[in-house]
Amino acid sequence: MKTLKLNLKNILNIKKNEHLSSFDLLGIYKLLQTGFSFKESLDLLNNNSNNDIFFRIDERLKKGELIEDFFVEYLDARYIDYFSTFIKFESFAVSLGLSIEIVQDDLKQKKLYLKNLTYPLLILIVTVLGIYLFNIFVFPNMIEVMNTFSNVDNGLLYGQKILNMVINIILVIMILVLIAILYFKQEKNQVKGFTFFQKIFKQSFLHDFITNDFVRFFYHCQKKGLSTLQSMKILCNIPHKPLVSYVARNIDERLLNGEMMENAIDLAFLDHTLYKFMIIAINTAKIEEMLVGYMEINALKVEKKCKKLSRSLQIISYVMLGIMLVFVYQILLMPLGIISNI
56 MKTLKLNLKN
66 ILNIKKNEHL
76 SSFDLLGIYK
86 LLQTGFSFKE
96 SLDLLNNNSN
106 NDIFFRIDER
116 LKKGELIEDF
126 FVEYLDARYI
136 DYFSTFIKFE
146 SFAVSLGLSI
156 EIVQDDLKQK
166 KLYLKNLTYP
176 LLILIVTVLG
186 IYLFNIFVFP
196 NMIEVMNTFS
206 NVDNGLLYGQ
216 KILNMVINII
226 LVIMILVLIA
236 ILYFKQEKNQ
246 VKGFTFFQKI
256 FKQSFLHDFI
266 TNDFVRFFYH
276 CQKKGLSTLQ
286 SMKILCNIPH
296 KPLVSYVARN
306 IDERLLNGEM
316 MENAIDLAFL
326 DHTLYKFMII
336 AINTAKIEEM
346 LVGYMEINAL
356 KVEKKCKKLS
366 RSLQIISYVM
376 LGIMLVFVYQ
386 ILLMPLGIIS
396 NI
(Lines of atoms letter the chains of each structure in order from A; the text may use other names.)
(Lines give C-alpha, C1' and ligand atoms only; values in the text may rest on other atoms or scores of the structure.)
Protein backbone atom coordinates (compact mmCIF):
# COMPACT_ATOMS: atom_id res chain seq x y z
CA MET A 56 0.00 0.00 0.00
CA LYS A 57 2.81 2.39 0.89
CA THR A 58 4.57 1.61 -2.41
CA LEU A 59 1.33 2.30 -4.31
CA LYS A 60 0.96 5.69 -2.61
CA LEU A 61 4.55 6.60 -3.47
CA ASN A 62 4.03 5.62 -7.12
CA LEU A 63 0.85 7.71 -7.34
CA LYS A 64 2.66 10.64 -5.77
CA ASN A 65 5.50 10.32 -8.31
CA ILE A 66 3.04 10.19 -11.21
CA LEU A 67 1.28 13.32 -9.97
CA ASN A 68 4.60 15.11 -9.55
CA ILE A 69 5.68 14.17 -13.07
CA LYS A 70 2.44 15.52 -14.55
CA LYS A 71 2.69 18.66 -12.44
CA ASN A 72 6.27 19.27 -13.56
CA GLU A 73 5.45 18.94 -17.27
CA HIS A 74 4.25 22.55 -17.38
CA LEU A 75 5.57 25.79 -16.01
CA SER A 76 3.49 27.16 -13.14
CA SER A 77 1.76 30.54 -13.34
CA PHE A 78 4.22 31.81 -10.73
CA ASP A 79 7.23 30.76 -12.85
CA LEU A 80 5.75 32.34 -15.98
CA LEU A 81 5.08 35.60 -14.19
CA GLY A 82 8.57 35.52 -12.67
CA ILE A 83 10.20 34.97 -16.05
CA TYR A 84 8.19 37.80 -17.59
CA LYS A 85 8.98 40.27 -14.79
CA LEU A 86 12.70 39.48 -14.96
CA LEU A 87 12.71 39.89 -18.75
CA GLN A 88 11.04 43.27 -18.24
CA THR A 89 13.84 44.38 -15.93
CA GLY A 90 16.54 43.50 -18.46
CA PHE A 91 17.57 39.96 -17.51
CA SER A 92 18.09 37.41 -20.27
CA PHE A 93 15.90 34.30 -20.43
CA LYS A 94 18.79 32.10 -19.22
CA GLU A 95 19.48 34.43 -16.29
CA SER A 96 15.77 34.38 -15.42
CA LEU A 97 15.79 30.59 -15.23
CA ASP A 98 18.86 30.62 -12.98
CA LEU A 99 17.30 33.15 -10.59
CA LEU A 100 13.95 31.34 -10.36
CA ASN A 101 15.34 27.82 -10.12
CA ASN A 102 14.08 25.80 -7.13
CA ASN A 103 13.20 22.22 -6.21
CA SER A 104 9.74 22.35 -7.78
CA ASN A 105 10.82 23.65 -11.19
CA ASN A 106 14.39 22.31 -11.39
CA ASP A 107 13.54 19.42 -13.77
CA ILE A 108 11.58 21.46 -16.29
CA PHE A 109 14.11 24.32 -16.20
CA PHE A 110 16.88 21.79 -16.85
CA ARG A 111 15.05 20.40 -19.91
CA ILE A 112 14.49 23.90 -21.29
CA ASP A 113 18.12 24.82 -20.68
CA GLU A 114 19.32 21.67 -22.49
CA ARG A 115 17.30 22.56 -25.56
CA LEU A 116 18.68 26.10 -25.53
CA LYS A 117 22.23 24.70 -25.40
CA LYS A 118 21.47 22.62 -28.50
CA GLY A 119 20.72 25.84 -30.35
CA GLU A 120 16.94 25.72 -30.35
CA LEU A 121 15.14 29.05 -30.10
CA ILE A 122 12.92 29.57 -27.07
CA GLU A 123 10.20 31.00 -29.35
CA ASP A 124 9.99 27.67 -31.20
CA PHE A 125 9.47 25.27 -28.30
CA PHE A 126 8.38 27.27 -25.23
CA VAL A 127 4.71 26.51 -25.95
CA GLU A 128 5.40 22.83 -25.18
CA TYR A 129 5.96 23.72 -21.52
CA LEU A 130 2.84 25.82 -21.08
CA ASP A 131 -0.38 24.87 -19.33
CA ALA A 132 -3.36 24.38 -21.66
CA ARG A 133 -4.95 27.75 -20.83
CA TYR A 134 -1.83 29.59 -22.08
CA ILE A 135 -1.10 27.55 -25.20
CA ASP A 136 -3.59 29.04 -27.69
CA TYR A 137 -2.81 32.59 -26.64
CA PHE A 138 0.96 32.25 -26.71
CA SER A 139 1.05 30.28 -29.97
CA THR A 140 -0.99 33.07 -31.61
CA PHE A 141 0.89 36.04 -30.18
CA ILE A 142 4.36 34.63 -30.89
CA LYS A 143 3.59 34.68 -34.63
CA PHE A 144 3.36 38.47 -34.54
CA GLU A 145 5.30 39.73 -31.52
CA SER A 146 8.49 39.15 -29.53
CA PHE A 147 8.78 36.47 -26.88
CA ALA A 148 8.46 38.90 -23.95
CA VAL A 149 5.40 40.67 -25.39
CA SER A 150 3.73 37.34 -26.25
CA LEU A 151 4.35 35.95 -22.77
CA GLY A 152 3.13 39.13 -21.08
CA LEU A 153 -0.06 39.23 -23.16
CA SER A 154 -0.75 35.56 -22.46
CA ILE A 155 -0.34 35.99 -18.69
CA GLU A 156 -2.49 39.12 -18.46
CA ILE A 157 -5.31 37.77 -20.61
CA VAL A 158 -5.42 34.43 -18.76
CA GLN A 159 -5.64 36.35 -15.46
CA ASP A 160 -8.47 38.43 -16.93
CA ASP A 161 -10.26 35.28 -18.10
CA LEU A 162 -10.18 33.90 -14.55
CA LYS A 163 -11.66 37.14 -13.18
CA GLN A 164 -14.47 37.01 -15.75
CA LYS A 165 -15.31 33.41 -14.89
CA LYS A 166 -15.38 34.24 -11.16
CA LEU A 167 -17.78 37.12 -11.85
CA TYR A 168 -20.28 34.89 -13.68
CA LEU A 169 -19.90 31.93 -11.33
CA LYS A 170 -20.33 34.15 -8.28
CA ASN A 171 -23.62 35.62 -9.50
CA LEU A 172 -25.22 32.76 -11.43
CA THR A 173 -24.12 29.40 -9.97
CA TYR A 174 -26.30 29.48 -6.84
CA PRO A 175 -29.60 30.61 -8.47
CA LEU A 176 -29.15 28.19 -11.39
CA LEU A 177 -28.48 25.36 -8.97
CA ILE A 178 -31.56 26.31 -6.92
CA LEU A 179 -33.74 26.39 -10.06
CA ILE A 180 -32.47 23.03 -11.35
CA VAL A 181 -32.89 21.32 -7.96
CA THR A 182 -36.38 22.83 -7.55
CA VAL A 183 -37.60 21.78 -10.99
CA LEU A 184 -36.16 18.26 -10.71
CA GLY A 185 -37.46 17.92 -7.15
CA ILE A 186 -41.01 18.93 -8.09
CA TYR A 187 -40.87 16.76 -11.22
CA LEU A 188 -39.87 13.66 -9.21
CA PHE A 189 -42.38 14.53 -6.47
CA ASN A 190 -45.19 14.71 -9.05
CA ILE A 191 -44.23 11.33 -10.50
CA PHE A 192 -43.53 9.26 -7.39
CA VAL A 193 -45.02 10.93 -4.31
CA PHE A 194 -48.04 13.01 -5.29
CA PRO A 195 -50.05 10.16 -6.92
CA ASN A 196 -49.48 7.92 -3.88
CA MET A 197 -50.59 10.67 -1.48
CA ILE A 198 -53.78 11.27 -3.50
CA GLU A 199 -54.46 7.53 -3.64
CA VAL A 200 -54.14 7.27 0.13
CA MET A 201 -56.51 10.22 0.61
CA ASN A 202 -59.03 8.60 -1.75
CA THR A 203 -59.32 5.69 0.65
CA PHE A 204 -60.77 8.10 3.21
CA SER A 205 -62.81 10.33 0.92
CA ASN A 206 -62.98 11.65 -2.60
CA VAL A 207 -60.24 14.16 -3.29
CA ASP A 208 -61.42 17.60 -4.35
CA ASN A 209 -61.41 17.92 -8.16
CA GLY A 210 -59.84 21.38 -7.91
CA LEU A 211 -56.84 19.83 -6.22
CA LEU A 212 -56.53 17.21 -8.96
CA TYR A 213 -56.77 19.84 -11.70
CA GLY A 214 -54.21 21.96 -9.91
CA GLN A 215 -51.86 19.01 -9.70
CA LYS A 216 -52.24 18.38 -13.44
CA ILE A 217 -51.58 22.03 -14.25
CA LEU A 218 -48.50 22.08 -12.02
CA ASN A 219 -47.29 18.88 -13.65
CA MET A 220 -47.77 20.38 -17.11
CA VAL A 221 -45.94 23.59 -16.14
CA ILE A 222 -43.02 21.63 -14.67
CA ASN A 223 -42.80 19.48 -17.81
CA ILE A 224 -42.73 22.61 -20.00
CA ILE A 225 -40.02 24.20 -17.83
CA LEU A 226 -38.03 20.97 -17.90
CA VAL A 227 -38.25 20.79 -21.71
CA ILE A 228 -37.18 24.45 -21.97
CA MET A 229 -34.22 23.80 -19.67
CA ILE A 230 -33.15 20.79 -21.76
CA LEU A 231 -33.45 22.82 -24.99
CA VAL A 232 -31.44 25.68 -23.46
CA LEU A 233 -28.77 23.22 -22.31
CA ILE A 234 -28.58 21.68 -25.80
CA ALA A 235 -28.30 25.17 -27.34
CA ILE A 236 -25.53 26.14 -24.89
CA LEU A 237 -23.58 22.94 -25.59
CA TYR A 238 -24.01 23.47 -29.34
CA PHE A 239 -23.04 27.14 -29.45
CA LYS A 240 -20.24 26.62 -26.93
CA GLN A 241 -18.34 24.81 -29.67
CA GLU A 242 -15.90 27.23 -31.27
CA LYS A 243 -17.07 26.53 -34.82
CA ASN A 244 -20.69 27.44 -33.91
CA GLN A 245 -20.14 30.53 -31.75
CA VAL A 246 -20.22 33.15 -34.50
CA LYS A 247 -23.23 31.48 -36.10
CA GLY A 248 -25.06 31.50 -32.76
CA PHE A 249 -24.12 35.12 -32.03
CA THR A 250 -25.32 36.41 -35.41
CA PHE A 251 -28.57 34.46 -34.95
CA PHE A 252 -29.29 35.92 -31.49
CA GLN A 253 -28.18 39.37 -32.63
CA LYS A 254 -31.03 39.41 -35.17
CA ILE A 255 -33.54 38.62 -32.41
CA PHE A 256 -32.11 40.75 -29.58
CA LYS A 257 -30.64 44.01 -30.89
CA GLN A 258 -28.99 45.05 -27.60
CA SER A 259 -28.75 42.39 -24.93
CA PHE A 260 -26.54 40.91 -22.25
CA LEU A 261 -24.69 39.01 -24.98
CA HIS A 262 -23.66 42.28 -26.67
CA ASP A 263 -22.17 43.58 -23.41
CA PHE A 264 -20.31 40.31 -22.94
CA ILE A 265 -18.87 40.25 -26.48
CA THR A 266 -17.92 43.93 -26.36
CA ASN A 267 -16.23 43.54 -22.98
CA ASP A 268 -14.30 40.50 -24.21
CA PHE A 269 -13.05 42.34 -27.27
CA VAL A 270 -12.10 45.46 -25.29
CA ARG A 271 -10.15 43.36 -22.78
CA PHE A 272 -7.97 41.93 -25.53
CA PHE A 273 -7.61 45.23 -27.35
CA TYR A 274 -6.64 47.01 -24.12
CA HIS A 275 -3.85 44.56 -23.33
CA CYS A 276 -2.48 44.92 -26.86
CA GLN A 277 -2.52 48.72 -26.53
CA LYS A 278 -0.92 48.46 -23.09
CA LYS A 279 1.99 46.58 -24.65
CA GLY A 280 2.52 49.44 -27.11
CA LEU A 281 1.07 47.72 -30.18
CA SER A 282 -0.55 49.84 -32.87
CA THR A 283 -4.24 49.49 -33.67
CA LEU A 284 -3.50 47.61 -36.90
CA GLN A 285 -1.08 45.26 -35.11
CA SER A 286 -3.67 44.64 -32.41
CA MET A 287 -6.37 43.83 -34.96
CA LYS A 288 -4.05 41.50 -36.85
CA ILE A 289 -3.40 39.53 -33.65
CA LEU A 290 -7.03 39.50 -32.51
CA CYS A 291 -8.19 38.30 -35.93
CA ASN A 292 -6.09 35.16 -35.47
CA ILE A 293 -6.98 33.88 -31.99
CA PRO A 294 -8.39 30.42 -32.85
CA HIS A 295 -10.14 29.61 -29.58
CA LYS A 296 -11.83 33.04 -29.32
CA PRO A 297 -13.93 33.11 -32.51
CA LEU A 298 -16.20 35.93 -31.33
CA VAL A 299 -13.26 38.22 -30.52
CA SER A 300 -11.76 37.37 -33.92
CA TYR A 301 -15.13 38.04 -35.58
CA VAL A 302 -15.33 41.53 -34.04
CA ALA A 303 -11.67 42.25 -34.89
CA ARG A 304 -12.16 41.18 -38.53
CA ASN A 305 -15.12 43.52 -38.94
CA ILE A 306 -13.21 46.43 -37.43
CA ASP A 307 -10.04 45.62 -39.39
CA GLU A 308 -12.01 45.56 -42.64
CA ARG A 309 -13.38 49.03 -41.92
CA LEU A 310 -9.95 50.36 -40.97
CA LEU A 311 -8.46 49.04 -44.22
CA ASN A 312 -11.26 50.82 -46.09
CA GLY A 313 -10.06 54.10 -44.62
CA GLU A 314 -12.50 54.60 -41.75
CA MET A 315 -11.35 56.17 -38.50
CA MET A 316 -11.11 53.91 -35.43
CA GLU A 317 -14.06 55.53 -33.62
CA ASN A 318 -16.28 54.90 -36.66
CA ALA A 319 -14.88 51.43 -37.32
CA ILE A 320 -16.07 50.19 -33.91
CA ASP A 321 -19.58 51.60 -34.38
CA LEU A 322 -20.96 48.16 -35.19
CA ALA A 323 -24.54 47.02 -34.58
CA PHE A 324 -23.45 44.02 -32.52
CA LEU A 325 -21.24 46.03 -30.15
CA ASP A 326 -22.31 48.04 -27.13
CA HIS A 327 -22.90 51.60 -28.40
CA THR A 328 -21.35 53.02 -25.23
CA LEU A 329 -17.94 51.90 -26.50
CA TYR A 330 -18.36 54.20 -29.51
CA LYS A 331 -18.87 57.20 -27.18
CA PHE A 332 -15.82 56.25 -25.12
CA MET A 333 -13.66 55.91 -28.24
CA ILE A 334 -14.62 59.37 -29.51
CA ILE A 335 -13.37 60.82 -26.21
CA ALA A 336 -10.28 58.58 -26.33
CA ILE A 337 -9.30 59.68 -29.85
CA ASN A 338 -9.83 63.36 -29.09
CA THR A 339 -7.88 63.25 -25.81
CA ALA A 340 -5.22 60.76 -26.95
CA LYS A 341 -5.95 58.68 -23.86
CA ILE A 342 -7.03 55.40 -25.39
CA GLU A 343 -5.78 53.16 -22.58
CA GLU A 344 -7.49 55.23 -19.87
CA MET A 345 -10.77 55.28 -21.79
CA LEU A 346 -10.63 51.53 -22.38
CA VAL A 347 -10.07 50.95 -18.67
CA GLY A 348 -12.98 53.28 -17.89
CA TYR A 349 -15.23 51.45 -20.31
CA MET A 350 -14.27 48.04 -18.89
CA GLU A 351 -15.03 49.23 -15.35
CA ILE A 352 -18.46 50.57 -16.35
CA ASN A 353 -19.22 47.52 -18.47
CA ALA A 354 -18.21 45.20 -15.60
CA LEU A 355 -20.69 46.99 -13.33
CA LYS A 356 -23.37 46.74 -16.02
CA VAL A 357 -22.73 43.02 -16.58
CA GLU A 358 -22.70 42.37 -12.83
CA LYS A 359 -26.00 44.25 -12.45
CA LYS A 360 -27.59 42.17 -15.22
CA CYS A 361 -26.21 38.97 -13.67
CA LYS A 362 -27.75 39.91 -10.32
CA LYS A 363 -31.06 40.77 -12.00
CA LEU A 364 -31.10 37.40 -13.76
CA SER A 365 -30.09 35.75 -10.49
CA ARG A 366 -33.02 37.34 -8.63
CA SER A 367 -35.43 36.33 -11.40
CA LEU A 368 -34.29 32.71 -11.25
CA GLN A 369 -34.59 32.66 -7.45
CA ILE A 370 -38.10 34.17 -7.56
CA ILE A 371 -39.21 31.54 -10.10
CA SER A 372 -37.79 28.80 -7.87
CA TYR A 373 -39.44 30.14 -4.71
CA VAL A 374 -42.80 30.61 -6.45
CA MET A 375 -42.77 27.02 -7.71
CA LEU A 376 -41.81 25.75 -4.26
CA GLY A 377 -44.59 27.85 -2.70
CA ILE A 378 -47.21 26.45 -5.07
CA MET A 379 -45.98 22.93 -4.39
CA LEU A 380 -46.15 23.42 -0.63
CA VAL A 381 -49.75 24.68 -0.92
CA PHE A 382 -50.79 21.47 -2.69
CA VAL A 383 -48.97 19.28 -0.19
CA TYR A 384 -50.44 21.25 2.73
CA GLN A 385 -53.98 20.85 1.39
CA ILE A 386 -53.53 17.10 0.99
CA LEU A 387 -52.09 16.72 4.47
CA LEU A 388 -55.06 18.63 5.95
CA MET A 389 -57.63 16.41 4.23
CA PRO A 390 -57.63 13.70 6.97
CA LEU A 391 -58.35 16.39 9.59
CA GLY A 392 -61.30 17.61 7.52
CA ILE A 393 -62.62 14.05 7.22
CA ILE A 394 -62.29 13.45 10.98
CA SER A 395 -64.08 16.72 11.80
CA ASN A 396 -67.05 15.66 9.65
CA ILE A 397 -67.46 12.34 11.42
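Following my numbering, the numbering of the sequence shown begins with 56 at its first residue and continues without gaps.
Even glycine gets a Cβ: it sits at the ideal position worked out from N, Cα and C.
Could you tell me the boundaries of the alpha helix (DSSP H) in which residue i lies?
i: Ile-157; result: 147 to 188
i: Thr-250; result: 242 to 255
i: Asp-136; result: 132 to 141
i: Tyr-301; result: 297 to 311
i: Leu-86; result: 77 to 88
i: Glu-128; result: Neither: Glu-128 is in no alpha helix (DSSP H) and is coded neither H nor E.
i: Met-316; result: 316 to 319
i: Leu-116; result: 106 to 117
i: Ser-96; result: 93 to 100
i: His-327; result: 327 to 339
Compare the C-alpha of residue i against each of the options and name the closest.
i: Thr-140; options: Lys-288, Ile-112 and Asp-263; result: Lys-288
i: Ile-335; options: Met-345, Phe-252 and His-327; result: Met-345
i: Phe-382; options: Gly-82, Glu-242 and Leu-218; result: Leu-218
i: Leu-80; options: Leu-311, Phe-138 and Arg-115; result: Phe-138
i: Asn-245; options: Val-193, Leu-298 and Leu-226; result: Residue identity check: residue 245 is Gln in the sequence provided, not Asn. When each option's Cα is compared against that of Gln-245, the closest is Leu-298.
i: Ile-265; options: Leu-86, Leu-177, Met-350 and His-74; result: Met-350
i: Ala-148; options: Lys-85, Ile-135 and Glu-95; result: Lys-85
i: Ala-75; options: Phe-194, Leu-184 and Arg-111; result: The identity of residue 75 in the sequence shown is Leu, whereas the question assumes Ala. If we check each option's Cα against that of Leu-75, Arg-111 comes out closest.
i: Ile-370; options: Leu-311, Leu-97, Leu-176 and Gly-119; result: Leu-176
i: Ile-108; options: Glu-120, Gly-90 and Glu-128; result: Glu-128
i: Asn-196; options: Ile-178, Gln-215 and Ile-180; result: Gln-215
i: Gly-248; options: Phe-324, Leu-355 and Met-220; result: Phe-324
i: Gln-241; options: Ile-198, Lys-117, Ser-286 and Pro-294; result: Pro-294
i: Leu-226; options: Val-270, Asn-190 and Lys-243; result: Asn-190
i: Ser-92; options: Thr-283, Asp-113, Tyr-187 and Glu-317; result: Asp-113
i: Lys-331; options: Ile-352, Leu-162 and Lys-163; result: Ile-352
i: Leu-162; options: Glu-314, Ser-77 and Met-333; result: Ser-77
i: Phe-144; options: Ser-300, Met-315, Ser-286 and Leu-355; result: Ser-286
i: Asp-131; options: Asp-263, Tyr-213 and Glu-73; result: Glu-73
i: Ala-340; options: Met-316, Leu-355 and Ala-354; result: Met-316
### Message
Three Cβ pairs or more, each shorter than 8 Å: is that satisfied between the segment 360 to 379 and the segment 167 to 180?
### Response
yes
### Query
Per the contact definition of three or more C-beta pairs closer than 8 Å, is the segment 346 to 353 in contact with the segment 266 to 277?
yes
### Task
Could you say if the segment 152 to 163 and the segment 80 to 100 meet the contact criterion of at least three C-beta pairs nearer than 8 Å?
yes
### Query
Hey, which unbroken runs of the alpha helix (DSSP H) at 4 residues or more fall wholly within the segment 262 to 299?
283 to 290
### Message
For the pair the segment 374 to 381 and the segment 302 to 322, tell me if three or more CB-CB distances fall below 8 Å.
### Response
no
### Query
Is the segment 124 to 131 touching the segment 95 to 105 in the sense that three or more CB pairs, one from each, lie closer than 8 Å?
no
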